[in-house]
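For what it's worth, numbering that gives the first Met the number 0 labels the leading residue of the sequence shown as 0, then goes sequentially.
The beta carbon of each residue, even a glycine, is placed where N, CA and C say it ideally should be.
Here's the structure, in structure tokens; my notes come after.
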Amino acid sequence: MTSPVATCPVCGRPGMPTVYRDPAHPIDMACPEGHQWRPAGAPGWAPSASPAIVAGHHDDDVASTQPLDVHKDGRNWRIGTARDIAWLAGHTTQGLAITTAIPEVFDAYATFHPPEGVGVDAHEQAVVRELAARTPEQPWWLGYLDTGAHDVVFPRVPRVSLYWGWPYVLVEAGPEQALTWRTGHMRGDGPLPDLFFPADHSWLVSALWDDTWTDVGGSAAVIAGLQRNPLVSARRVRPDEDACPPGLTRD
Numbered sequence: 000m001t002s003p004v005a006t007c008p009v010c011g012r013p014g015m016p017t018v019y020r021d022p023a024h025p026i027d028m029a030c031p032e033g034h035q036w037r038p039a040g041a042p043g044w045a046p047s048a049s050p051a052i053v054a055g056h057h058d059d060d061v062a063s064t065q066p067l068d069v070h071k072d073g074r075n076w077r078i079g080t081a082r083d084i085a086w087l088a089g090h091t092t093q094g095l096a097i098t099t100a101i102p103e104v105f106d107a108y109a110t111f112h113p114p115e116g117v118g119v120d121a122h123e124q125a126v127v128r129e130l131a132a133r134t135p136e137q138p139w140w141l142g143y144l145d146t147g148a149h150d151v152v153f154p155r156v157p158r159v160s161l162y163w164g165w166p167y168v169l170v171e172a173g174p175e176q177a178l179t180w181r182t183g184h185m186r187g188d189g190p191l192p193d194l195f196f197p198a199d200h201s202w203l204v205s206a207l208w209d210d211t212w213t214d215v216g217g218s219a220a221v222i223a224g225l226q227r228n229p230l231v232s233a234r235r236v237r238p239d240e241d242a243c244p245p246g247l248t249r250d
């Protein structure tokens, strides 16, 4: 069920906080239609959300800290809970640096996006290949941000809360599912989740709601592999510098 604070007063669609644009300014909200407003009680929002479960948009969603299985593609998949993102929730920062999306626990950081002339599908397949090649076989957690305008694969399951109270569907799956379970996200027509990481937390990929690129933290080898791939425009960044890649803008 959508919080009244997060509901657009114009169109009624769910909104997301945009505080990370400028931490010196009050928290504003924006919906997928582009309407912006400042909700009453905005100072009560935390700069980084606590690892709590939040219900989805349906009345029969039940917030729970217990694992839940859902059925797809002939098998069951586990829906994540607050415990599965406790290492991440509350450990990011405000501002424009990459640590807004990625906690400062990795050896190296980068941003990436499709190079000019490279299709989204080819780009995202290359990203997953590079990550899989440097990750021992294990489950991957896939997170789909519920913007109200994009597919979250399992629309009737409880969400987890990350960043500024943003609701994500989190499911334990793998690289194949990351490339096949949906088409279309905030950055184009590709399939990738908005956030994903392996069970051992050795890297994290996350694209924030109004960014036109994706952030990643991991080992130096993971970042170097992405940088070398001609289908990936990856740029290494320091944890304290503006993450926006040259030539791109925040929406």
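| query | result |
| --- | --- |
| Would a C-beta distance cut-off of 7 Å place A223 and T213 closer than the cut-off? | no |
| Thinking just about the alpha-carbon of each residue, which of W140, F105, R237 is nearest to the one in L194? | W140 |
| From G217 to G79, what distance separates their C-alpha atoms? | 22 Å |
| Look up T110 in the DSSP assignment and say whether it is helix, strand or coil. | strand |
| Assign I101 to one of three DSSP states: helix, strand, or coil. | coil |
| Looking only at its own chain, which residues have a Cβ that is under 6 Å from the Cβ of L247, when we skip the five neighbours before and after it? | T211, W212 |
| Tell me whether H70 is buried or exposed, calling it buried when 16 or more other Cβ atoms sit within 10 Å of its Cβ. | exposed |
| In three-state terms, what does DSSP make of A129? | Inspection of the sequence shows that residue 129 is occupied by Glu rather than by Ala. In the structure shown, E129 sits in a helix (DSSP, three-state: H, G or I). |
| Following the continuous alpha helix (DSSP H) through V170, name the residue where it begins and the one where it ends. | Looking at the DSSP string, V170 is not in any alpha helix (DSSP H); the run it does join, the beta strand (DSSP E), is 165-172. |
| Quick check: what's the CA-CA separation for T179 versus D241? | 32 Å |
| Tell me, to the nearest whole angstrom, how far the beta carbon of L225 is from that of H122; I am working on the premise that it is less than 8 Å. | Actually they are not in contact, since the Cβ atoms of L225 and H122 sit about 11 Å apart, beyond 8 Å. |
| If you draw a straight line from the alpha carbon of L87 to that of S160, how long is it in whole angstroms? | 11 Å |
| Just list the residues that DSSP pairs F196 with in beta bridges. | W140 |
| Could you check the C-alpha separation between R227 and V221 for me, to the nearest Å? | 10 Å |
| Tell me the rounded alpha-carbon separation between E171 and A219. | 25 Å |
| Identify the residues that DSSP records as bridge partners of A233: which are they? | F111 |
| Does the region 154-168 touch the region 109-116, meaning 3 or more C-beta pairs lie closer than 8 Å? | no |
| Return the Cβ separation of L67 and C243 in integer angstroms, given the expectation that the two are a contact with Cβ distance under 8 Å. | The Cβ separation is near 37 Å, so there is no contact. |
| Determine which residues share a DSSP beta bridge with D68 and list them. | R77 |
| Within its chain, find whatever has a CB closer than 7 Å to the CB of R234; leave out the 5 residues flanking it on each side and keep chain order. | A109, T110, P244 |
| Which same chain residues, not among the five before or five after P197, have their C-beta less than 6 Å away from its C-beta? | T134, Q137, W139 |
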